[in-house]
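Before any comments, here is the structure.
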Amino acid sequence: MKEAISASSAALTALMKVKGVGRRAALRIINSPLPQDDVKYRFLNLAAQAKLPTEVLSEAWERTQDELERTRFEGIKFFSFHDEGYPKRLRNIPDPPAMLYVKGDVAGLNAPKSLAVIGTREPTQYGEKVARRSASTAAEAGFVIVSGLAHGCDTYGHEGCLDAHGTGIAVMAHGLDKIYPAANRGLAGRLLEFGGCLVSEYPLGVTPMRQAFAERDRIQSGLSDAVLVIETDVKGGTMHTVRFSREQHRALACIKHPSNWNREDKTRGNQQLIAQNIARGVSDGAELIAFLNKIKDARSLTFETNNKSPADRSQTSMAF
1 MKEAISASSA ALTALMKVKG VGRRAALRII NSPLPQDDVK YRFLNLAAQA KLPTEVLSEA
61 WERTQDELER TRFEGIKFFS FHDEGYPKRL RNIPDPPAML YVKGDVAGLN APKSLAVIGT
121 REPTQYGEKV ARRSASTAAE AGFVIVSGLA HGCDTYGHEG CLDAHGTGIA VMAHGLDKIY
181 PAANRGLAGR LLEFGGCLVS EYPLGVTPMR QAFAERDRIQ SGLSDAVLVI ETDVKGGTMH
241 TVRFSREQHR ALACIKHPSN WNREDKTRGN QQLIAQNIAR GVSDGAELIA FLNKIKDARS
301 LTFETNNKSP ADRSQTSMAF
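Rendered as structure tokens:
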């Protein structure tokens, strides 16, 4: 027997189809799980109390039923904020997704340990190597690796996770009927093949939009116990995730480059975060392991930043 679509999933999805109603407003209206009986009536009643037009809502409800059935037909799971199965870490962030769509194995979403590996789309050669090695080291230590499937550091982070036969999560900024960038379709397929998943807060058919890439960054950090910045400029897009990680009280570390890389613009963000004691500096594999070993609960984690490093190591001596 086919499992019924949860009332909360249907109601929240329908609400967000109404012009002017986003995830925050939808969660204010549907602020607790809805019972499965008389769900359309309950939905319309709650929406009417919020002074939303009944005719528009009724039409949105019907479209939602078709959309969620199609989503399920495509093999994509979905969870509302109020559903069992919604990732525990996301429940506690300031701006959680009202809906979450998942393609692949959902087990990694509630894994005991997870690390976001993030950075510029155009890393240095050093950054490419370190992104891959860092993710591999963390995966070998039992961490699920979270990233965004973008070019550059994201790609190398996912590759490193797969090198270590780890579980990877890719957070997308569009509906899961697409893969963006298209060049990473093969990588997405391998993540799924080896027990990972693709995640999005957007329904099928939603195309990539600039704002969505910044918004998905809060989900990357939200699904993680800690965030590792490989490389970023002072104003790079990676700084969105850094800001979200701080708001969410996630542990934050940055790769600390050997001095010969410090003139690169794409390492200046790292240097600033470390100098301001916002992030812990990580210079080699041993320091990464030490950082990972301290991660037990990102919401209560405290540690001293380790920004005084010994003499700069050469590129070849970074033992990730």
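Residue numbers (the UniProt record's numbering): 1 to 320. Even glycine gets a Cβ: it sits at the ideal position worked out from N, Cα and C. All values reported here derive from a predicted model rather than from experimental measurement.
Buried versus exposed, by CB contacts within 10 Å (16 or more), residue i
i	result
N270	buried
S134	buried
A311	No answer about A311 holds up, because its pLDDT of 36 lies below 50 and its placement is not dependable.
I118	buried
K19	exposed
K51	exposed
D37	exposed
A298	At A298 the pLDDT is 43, less than 50, meaning the model places this residue with poor confidence and gives no usable figure here.
A107	exposed
A4	exposed
A48	exposed
T54	exposed
Beta-carbon proximity of residue i to residue j, cut-off 7 Å
i	j	result
K77	N110	no
S114	S224	yes
G104	C197	yes
W261	Y126	yes
L191	A170	yes
V234	Q272	yes
S80	L162	no
G152	P123	yes
A251	I289	no
A164	A139	yes
Proximal residues to residue i (C-beta, below 6 Å), its chain only, five neighbours per side dropped
i	result
M318	In this prediction, M318 has a pLDDT of 44, which is less than 50 and means its spatial position is unreliable; nothing more can be read from the coordinates.
P33	S8, H82
N184	L149
Y101	I76, F78, L176, S200
D93	Note that residue 93 is Ile in the sequence shown, not Asp. G222, Q248, listed in sequence order.
A253	L228, A279, R280, V282, F291
L204	T71, G175, D177
H240	A214, D217
Y202	H174, G175
S300	In this prediction, S300 has a pLDDT of 41, which is less than 50 and means its spatial position is unreliable; what the coordinates show is noted afterwards. So no residue of the chain qualifies.
K266	T120, E231, D233
Best match in the options for proximity to residue i [C-alpha to C-alpha]
i	options	result
I219	V199, E59, T207, H249	V199
residue 321	L27, E159, T71, G160	Only positions 1 to 320 of the chain appear in the structure, and residue 321 is not among them; the question remains open.
G160	M172, A141, A173, L176	A141
I145	I255, A131, P203	A131
T207	G222, N277, P181	P181
R243	A226, K256, P258, I255	A226
G237	T120, I295, A14	T120
D95	Q49, N293, R216	R216
D177	T13, E74, V282, L57	E74
T167	T124, R280, S147, H174	S147
P258	G281, M172, V56	G281
K256	M239, E287, S245, R246	E287
E264	T232, N31, P53	T232
G195	I30, R210, H158	H158
K14	L57, Q49, A48	As written in the sequence, residue 14 is Ala, which differs from the Lys given in the question. Measuring from the Cα of A14, the nearest candidate turns out to be L57.
D154	I230, E55, L46	I230
R91	I274, N31, I179	N31
Own chain residues within Cβ distance below 8 Å of residue i, not counting five before or after
i	result
A10	V39, F43, W61, T64, Q65, L68
M16	G22, R23, A26, A98, M99
G186	none
First through last residue of the beta strand (DSSP E) which encompasses residue i
i	result
L228	226 to 229
G281	280 to 282
M99	99 to 104
L252	251 to 255
K51	Per DSSP, K51 belongs to no beta strand (DSSP E) and is neither H nor E.
I145	144 to 147
S134	That residue, S134, is in no beta strand (DSSP E); its alpha helix (DSSP H) goes 125 to 140.
G168	168 to 171
V206	Segment: none, V206 is in no beta strand (DSSP E) and carries neither H nor E.
I118	114 to 118
S200	197 to 200
F291	Taken as a continuous stretch (DSSP letters only), F291 belongs to no beta strand (DSSP E), being part of the alpha helix (DSSP H) at 285 to 293.
Enclosing alpha helix (DSSP H) for residue i [first to last residue]
i	result
G157	153 to 163
A26	23 to 29
K88	88 to 91
7 Å CB neighbourhood of residue i in its chain, flanking five on each side removed
i	result
E128	Y156
A173	P208, A212, F213, R216
F143	K113, S114, L115, L292
S245	S221, V227, L252
S6	S80, D83
I29	L15, L46, A47, A50
R268	D233, V234
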